[in-house]
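With numbering that gives the first Met the number 0 applied, the sequence shown corresponds to residues 0 to 169, in that order.
The beta carbon of each residue, even a glycine, is placed where N, CA and C say it ideally should be.
Since we're looking at a predicted model, the values are computed, not measured.
To keep things clear, I will list the structure first and then write my remarks on it.
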Amino acid sequence: MDKPRKPDDSSLSSGSDTSVISADNPSAAPVLRFMHTFYGKFGALVARHAVATIVITTLLTVIFGVITATTKKESDLLAYAPTNARSRVEYNTYQEFFDNHGQGITIFVLVTPKDNQTMIRNDHLNQTVQVLDTIYNKFKMPSEDGTKLQTFPEFCRGFCQINEPVRQFY
0 MDKPRKPDDS
10 SLSSGSDTSV
20 ISADNPSAAP
30 VLRFMHTFYG
40 KFGALVARHA
50 VATIVITTLL
60 TVIFGVITAT
70 TKKESDLLAY
80 APTNARSRVE
90 YNTYQEFFDN
100 HGQGITIFVL
110 VTPKDNQTMI
120 RNDHLNQTVQ
130 VLDTIYNKFK
140 MPSEDGTKLQ
150 TFPEFCRGFC
160 QINEPVRQFY
């Protein structure tokens, strides 16, 4: 029976230059020699202690997963944008447009007829104005000091009359 033979360097590389892979070759780049040596020793360590490696990596995954899941998340729109970024300029314009300090208050309601025809019909416009009246009169939010509930026109400042053309058109 033939003796198993040790693989030669040609089996380690698909290219013709095998010197870049060998850690023993002094003409190979130092970084490549270091990587070859380091990963060879690291792979041997993992192979010798397979169970410990699995336990340690699983434990670290669970610990950092719990830390990530329990970390309080903040939604800051400006956190990662440079100070002169276009998004910051647009955000400042948005804040100025809605005349608010902080997060702007906007409510959008899209009203469409069930039959997918035009909305320019008296009964449809009447129902749309009723929806607007419901939002204006029955949608309430606490005041800034929290002492009373305010209707939409009471707490909204700036760009609140956007839907008035519907009422005027009707």
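>> Can you give me the C-alpha to C-alpha distance between residue 108 and residue 64, rounded to a whole angstrom?
In response: In this structure, the CA atom of residue 108 is about 39 Å from the CA atom of residue 64.
>> Quick check: residue 169 and residue 150, are their CB atoms within less than 8 Å of each other?
In response: no
> Quick one: is residue 92 buried, meaning 16 or more other Cβ sit within 10 Å of its Cβ, or exposed?
Replying inline: exposed
> For the beta strand (DSSP E) that contains residue 180, what are its first and last residues?
Replying inline: Not covered by the structure: residue 180. The range shown for the chain is 0 to 169.
>> On a Cα-Cα basis, can you pick out the residue from 140, 126 and 82 that is closest to residue 166?
In response: Ranking the options by Cα distance to residue 166, first place goes to 126.
>> Tell me the residue span of the beta strand (DSSP E) that contains residue 140.
In response: 139-141
> Helix, strand or coil: how does DSSP classify residue 19 here?
Replying inline: With a pLDDT of only 48 at residue 19, under the threshold of 50, the placement of this residue in the model should not be trusted; the figure read from the coordinates follows. In this structure, residue 19 counts as coil in the three-state DSSP scheme.
> Grouping DSSP H, G and I as helix and E and B as strand, with all else coil, what is residue 153?
Replying inline: Judged by DSSP in its simplified three-state form, residue 153 adopts helix.
> How should residue 121 be labelled, buried or exposed, when 16 other C-beta atoms within 10 angstroms of its C-beta is the threshold for buried?
Replying inline: exposed
> If you draw a straight line from the alpha carbon of residue 68 to that of residue 45, how long is it in whole angstroms?
Replying inline: 29 Å
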